[in-house]
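Trainee:
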Amino acid sequence: MFGEEQIEWFKPYTSFTHGIPRRHCIANIIKAIDRECLVEALYSWINERRLKEGKSLIAIDGKTMRGACKGTLIEALHVVTAYDEGTGIALYKQETESKGKEGPTARQLIELLALD
60 MFGEEQIEWF KPYTSFTHGI PRRHCIANII KAIDRECLVE ALYSWINERR
110 LKEGKSLIAI DGKTMRGACK GTLIEALHVV TAYDEGTGIA LYKQETESKG
160 KEGPTARQLI ELLALD
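So the sequence shown is numbered by my numbering: it starts at 60 and just counts up by one.
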């Protein structure tokens with residue numbers, strides 16, 4: 060496990076009197092984090108990293124998830140995703156109103172990720 064292998068690196072931050080936290084404990088901590096604060100922190104980190112690395116290419120793609128509602132009365136899910144092509148990481152995924160309405164959502168992603 061990563062935590063056990065890196066315990067010496069982690070020790071300056073806490074004593075670990077009860078050992079390395081297990082996945083359930085970590086999951087409870089993550090659930091307690093305010094989503095908006097976490098997203099903002101991740102965007103800041105991504106933007107800082109991109110600035111240091113000379114801004115890698117970000118691909119923004121709109122998709123319709125038709126299989127998620129096949130044969131139901133529920134409308135298909137439409138999402139816009141931003142990918143960092145240098146690392147293959149999906150930076151953000153946002154649901155959009157409907158097919159063909161990806162533009163405003165893509166513009167929001169550009170602003171949030173400081174892609175200008």
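Virtual Cβ for every residue (Gly too), placed ideally from N, Cα, C.
Can Gly121 and Val139 be called in contact, C-beta distance under 7 Å?
Mentor: It is a contact, given that the beta carbons lie within the stated cut-off.
Trainee: Nearest CA to the CA of Arg94: which residue from Glu170, Tyr151, Ala165 and Thr164?
Mentor: Among Glu170, Tyr151, Ala165 and Thr164, the Cα nearest to that of Arg94 is on Tyr151.
Trainee: Under three-state DSSP, which class holds His77?
Mentor: DSSP places His77 in coil when its eight states are reduced to three.
Trainee: For the segment 92 to 161, list the alpha helix (DSSP H) runs that are entirely contained and at least 4 residues long, ordered along the chain.
Mentor: Those alpha helix (DSSP H) runs which fall completely within the segment 92 to 161 and span 4+ residues are 94 to 111.
Trainee: With DSSP run on the structure shown, which of helix, strand or coil describes Lys70?
Mentor: The answer is coil: DSSP assigns Lys70 none of H, G, I, E or B.
Trainee: Could you give the DSSP three-state label for Ala173: helix, strand or coil?
Mentor: In the structure shown, Ala173 sits in coil (DSSP, three-state: anything other than H, G, I, E or B).
Trainee: Tell me whether Gln167 sits in a helix, a strand or coil according to DSSP, three-state version.
Mentor: DSSP places Gln167 in helix when its eight states are reduced to three.
Trainee: If you draw a straight line from the C-alpha of Trp68 to the C-alpha of Arg82, how long is it?
Mentor: Distance between the alpha carbons of Trp68 and Arg82: 19 Å.
Trainee: Cutting at 6 Å between CB atoms, please list the residues of its own chain near Asn106, excluding the five before and the five after it.
Mentor: The residues are Ala173.
Trainee: Throw me the rounded Cβ distance for the Leu171 and Tyr72 pair, which I believe falls under 8 Å.
Mentor: Not confirmed; about 29 Å, so no contact.
Trainee: If you count every other CB in all the chains shown that lies within 10 Å of the CB of Thr146, and 16 or more means buried, which is it?
Mentor: Exposed.
Trainee: Does the beta-carbon distance from Ala135 to Leu168 come in below 7 Å?
Mentor: No, they are not a contact pair.
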